[in-house]
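All remarks here apply to the structure that follows.
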Amino acid sequence: MSGRTRVDDAPQRLVRAAISLLAEQGPSAVKARTVASVSGLSTMLVYSHFGGIPELMRAVVDHGFKELAAAFAQVPVTEDPIADLFAMALSCRRVARENPHLYDLMFGLSTRATYRPLSDADLRLSGRSPAFRDAHAHVTAACERLVNSGRVERQEPEVVAAQLWSLVHGYITLELAEHFVEFDDAVVQVLLPMGVNFSVGLGDERERAEASHEVGARLYDSIVQGQRK
94 MSGRTRVDDA PQRLVRAAIS LLAEQGPSAV KARTVASVSG LSTMLVYSHF
144 GGIPELMRAV VDHGFKELAA AFAQVPVTED PIADLFAMAL SCRRVARENP
194 HLYDLMFGLS TRATYRPLSD ADLRLSGRSP AFRDAHAHVT AACERLVNSG
244 RVERQEPEVV AAQLWSLVHG YITLELAEHF VEFDDAVVQV LLPMGVNFSV
294 GLGDERERAE ASHEVGARLY DSIVQGQRK
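Residue numbers for the sequence shown, in our numbering: 94 to 322.
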């Protein structure tokens, strides 16, 4: 039975091993041999379960988006959708900082290193994966609540979500690349006011937007504190 368990959970173990290698050594360390060694499995299982490293990396990307969706799901739905969205932005930042190489892989970035992508564009593009769509659905739902709240002008929630997605990930990418080292607290000095400006641009009142972002920051802090207990 123990031998069968080793085979049955092999895909999960291989994915976890690849994620560990990404976090500790970067994409160049993710090879069939090293993944097998870290997972305690044979190299052949990498190929029998995934076909090769590119396909394994696709599974790693999906795992990353599932973790992001789980982080978004921990943000409660409140009566203040802007606060919810800012708490989600901070949650996304935390996920990215926990494993920057995985974040790069998920979003096709190369601020630290590159990886070998799949040749099939339909499989390579993260935006087409169900795992990505499940994560992004949390953002779209919150943007729909925002539009329906009357605080901003009527517009397509999907468009608002795409704009906000671009804003947040632009900030995260630059922060991970150490472009904000001159700031004492880049979240307070850059991300928060940028979020306020974005909300005002959508039609919200500045004072109300500022208050909502402060509430969102406290909401995020309460989530993190709850995880530490």
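Glycine included, each C-beta is placed from N, C-alpha and C at the ideal position. If you're wondering where the values come from, they're calculated on a predicted model, not measured in any experiment.
Query                                                                                                                                     : Result
Short CB-CB distance (under 7 angstroms) between Ser315 and chain C                                                                       : Checking the listed chains, one finds no chain C in this structure; it contains a single protein chain.
Nearest candidate by alpha-carbon position, reference Leu107, set Gln118, His156, Ser121 and Glu307                                       : His156
For Arg238 and Leu216, the rounded distance between their alpha carbons                                                                   : Model confidence at Leu216 stands at a pLDDT of 45, short of 50, so the residue's coordinates are unreliable; what they give is reported in the following sentence. The alpha-carbon atoms of Leu216 and Arg238 are separated by roughly 31 angstroms.
Contiguous beta strand (DSSP E) assignments of at least 3 residues, all confined to the region 176-200                                    : none
Enclosing alpha helix (DSSP H) for Leu285 [first to last residue]                                                                         : Leu285 to Leu295
Buried or exposed (CB count within 10 angstroms, at least 16 for buried), Pro120                                                          : buried
For Arg126 and Ala310, the rounded distance between their alpha carbons                                                                   : 43 angstroms
Contact between the region 280-291 and the region 141-155 (3+ Cβ pairs under 8 angstroms)                                                 : no
Rounded distance between the beta-carbons of Ala176 and Val281, thought under 8 angstroms                                                 : That belief does not hold up - the Cβ atoms of Val281 and Ala176 are roughly 16 angstroms apart, past 8 angstroms.
Helix, strand or coil at Thr171 [DSSP, three-state]                                                                                       : coil
For Ala270, three-class secondary structure by DSSP                                                                                       : coil
Cα-Cα separation, His306 to Leu178                                                                                                        : 9 angstroms
CB-CB length for Leu267 against His194, believed under 8 angstroms                                                                        : In fact, because the Cβ distance is near 17 angstroms, the residues do not count as touching under 8 angstroms.
Pairwise C-alpha distance: Ala279 and Phe273                                                                                              : 6 angstroms
Val245 vs Asp297 beta-carbon contact at 7 angstroms                                                                                       : yes
Assigned exposure category for Arg186 - 16 Cβ within 10 Å defines buried                                                                  : buried
Contacts around Gly133, its chain only, beta-carbon distance under 6 angstroms, and the 5 residues preceding and following it disregarded : none
Reduced DSSP secondary structure (H/G/I, E/B, other) of Gln118                                                                            : helix
Helix, strand or coil at Asp227 according to DSSP, with G and I counted as helix                                                          : helix
Close-in-space but distant-in-sequence residues of the same chain around Ala214 (CB under 6 angstroms, 5 per side omitted)                : Below a pLDDT of 50, predicted positions are generally treated as unreliable, and Ala214, at 49, falls in that range; the measurement from the model is reported next regardless. Cβ neighbours of Ala214 beyond the five flanking positions: none.
Nearest candidate by alpha-carbon position, reference Ile265, set Met199, Ser135 and Gln105                                               : Met199
Top-ranked residue by Cα proximity to Glu117, from Gln256, Phe165 and Glu191                                                              : Glu191
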